[in-house]
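Participant: Sharing a structure here in structure tokens format.
2 protein chains.
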Amino acid sequence: MRRDVFQAIADPTRRAIIALIAFQAMTPNAIAEHFDSSRQAVSKHLRILTECQLVEQEQSGREIYYTLNAKKMKEIDKWLEQFRLLWENRFSQLDKVLHTLKTQKK
Amino acid sequence: MRRDVFQAIADPTRRAIIALIAFQAMTPNAIAEHFDSSRQAVSKHLRILTECQLVEQEQSGREIYYTLNAKKMKEIDKWLEQFRLLWENRFSQLDKVLHTLKTQKK
DNA sequence: TATATTTGCAACCGAAAGGTTTCATAAATT
DNA sequence: AATTTATGAAACCTTTCGGTTGCAAATATA
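So the protein lines, in turn, are chains S and F.
Note that the numbering used here numbers the first sequence so that position 97 is 181, with each residue one more than the last.
Note that the numbering used here numbers the second sequence so that position 18 is 102, with each residue one more than the last.
Written out as structure tokens, the structure reads:
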């Protein structure tokens, strides 16, 4: 069951969990309180997030604190990187081509 | 069947399609040549990408050219924005807190 | 020690995903 | 006009997803 970061963030509940624990570690019980579904369902989501290393565990007695692994989030950003020039229209592909043609003429 | 950008990029084939047409519009047939699965399977992926507006169609006779809608890609980037400070360790949450404490002391 | 709390795991279930094959339609070619 | 080409849509199938309920294990508390 190989997990993928992109597959992990596909689910809206999991994205909400990520946002929830981003700035403060939380236990499964505390997280589950923010959602309508059962604690076990949230636990399943946490398992998936853990498997792809988006989230890490920190045991404290019988409680487990879940924290976001920001480094892993960077992976998504890295994939997006190749397209960033496209939506920053200042350097759109067309502009680039035109720029190249212009500078070659000189 | 409401489609979501995050769900759309969850599939590796769809991510490959996005990368493929990012800098050059392509027809379904041309796209399908790059994959092992059937043309119809690719067509299904294109449908999903179109439904969430990640991709746009441009008819030319009986051919349809698919282009990436870079603006929509920005949506993913926008969601990522809230976490960017976390992985740019120069401004990690901890650093921010320490900085605040430090400046308050002065 | 007995009980309550926190958590993960397994089994089950309906819905959705992703693939295939078959068919219909429209445009280009002969 | 007949045929080929490009494409999308429908029907079907297997696997995965996301949820549930029930149970077991470990730690904290009475």
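Every residue gets a Cβ at the ideal spot worked out from N, C-alpha and C, and that includes glycine.
Using DSSP's beta-bridge definition, name the partner residues of Val139/F.
Facilitator: Indexing the second sequence from 1 puts residue 139/F at position 55. Val139/F is bridged to Leu152/F.
Participant: Taking Cβ positions, are Thr97/S and Tyr149/S nearer each other than 8 Å?
Facilitator: Position 13 of the first sequence, counted from the first residue, corresponds to residue 97/S. Position 65 of the first sequence, counted from the first residue, corresponds to residue 149/S. Contact: no.
Participant: Comparing the C-beta of Ile160/S with each C-beta of chain F, is any distance below 8 Å?
Facilitator: Taking the first sequence and counting its residues from 1, the one referred to as residue 160/S is at position 76. Yes, because at least one Cβ of chain F sits closer than 8 Å to the Cβ of Ile160/S.
Participant: By the three-class DSSP mapping on this structure, what secondary structure does Glu159/F have?
Facilitator: As a working mapping, residue 159/F is identified with position 75 in the second sequence. Residue state, collapsed to three classes: helix.
Participant: According to DSSP, which residues form a beta bridge with Ser144/F?
Facilitator: Position 60 of the second sequence holds residue 144/F. Beta-bridge pairing links Ser144/F to Glu147/F.
Participant: Closer than 7 Å by C-beta to Gln143/S: which residues in its own chain qualify, once you throw out the five before and the five after it? Chain order, please.
Facilitator: Taking the first sequence and counting its residues from 1, one reaches residue 143/S at position 59. If we look at Gln143/S and ignore the five residues flanking it on each side, it has no Cβ neighbours.
Participant: For chain F, check one thing: does any of its Cβ atoms lie closer than 8 Å to the Cβ of Gln91/S?
Facilitator: As a working note, residue 91/S is residue 7 in the first sequence. With 8 Å as the cut-off, Gln91/S counts as an interface residue toward chain F.
Participant: Flag this pair as touching only if the stretch 111-122 of chain F and the stretch 155-174 of chain F have three or more C-beta atom pairs under 8 Å; answer yes or no.
Facilitator: These segments do not touch.
Participant: Thinking just about the alpha-carbon of each residue, which of Leu170/S, Trp171/S, Leu130/S, Glu172/S is nearest to the one in Leu104/S?
Facilitator: Here residue 104/S refers to the residue found at position 20 when the first sequence is read from its first residue. It is Leu130/S whose Cα lies nearest to the Cα of Leu104/S.
Participant: What is the residue span of the alpha helix (DSSP H) that Asn173/S lies within?
Facilitator: Locating residue 173/S in the first sequence gives position 89, counting from the first residue. No alpha helix (DSSP H) contains Asn173/S, which DSSP labels as neither H nor E.
Participant: Just to confirm, are Lys156/S and Gln137/S a CB contact at a threshold of 8 Å?
Facilitator: As a position in the first sequence, residue 156/S is number 72, starting the count at 1. As a position in the first sequence, residue 137/S is number 53, starting the count at 1. Against a cut-off of 8 Å, the Cβ pair of Gln137/S and Lys156/S comes out as a contact.
Participant: Give a yes or no on whether the minimum CB-CB distance between Arg99/S and chain F is below 8 Å.
Facilitator: As a first step, residue 99/S is located in the first sequence; it is residue number 15 there, counting from the start. By this cut-off, Arg99/S is an interface position.
Participant: Using C-beta distances below 7 Å, list every residue in its chain close to Ala92/F, excluding the 5 sequence neighbours before and after it, in chain order.
Facilitator: Translated into the one-based positions of the second sequence, residue 92/F becomes position 8. Cβ within range, chain order: Arg98, Ile132, Leu133, Cys136, Leu138.
Participant: Using 8 Å as the limit for Cβ to Cβ distance, is Gln141/F near chain S?
Facilitator: Here residue 141/F refers to the residue found at position 57 when the second sequence is read from its first residue. No, its Cβ sits nowhere closer than 8 Å to a Cβ of chain S.
Participant: Roughly how many whole angstroms lie between the Cα atoms of Asn153/F and Glu147/F?
Facilitator: The residue given as residue 153/F occupies position 69 in the second sequence. The residue given as residue 147/F occupies position 63 in the second sequence. Roughly 19 Å between the two C-alpha positions.
Participant: For the alpha helix (DSSP H) holding Phe90/F, just list the boundary residues, first then last.
Facilitator: Counted from its first residue, the second sequence places residue 90/F at position 6. Run containing Phe90/F: 89-92, per the alpha helix (DSSP H) assignment.
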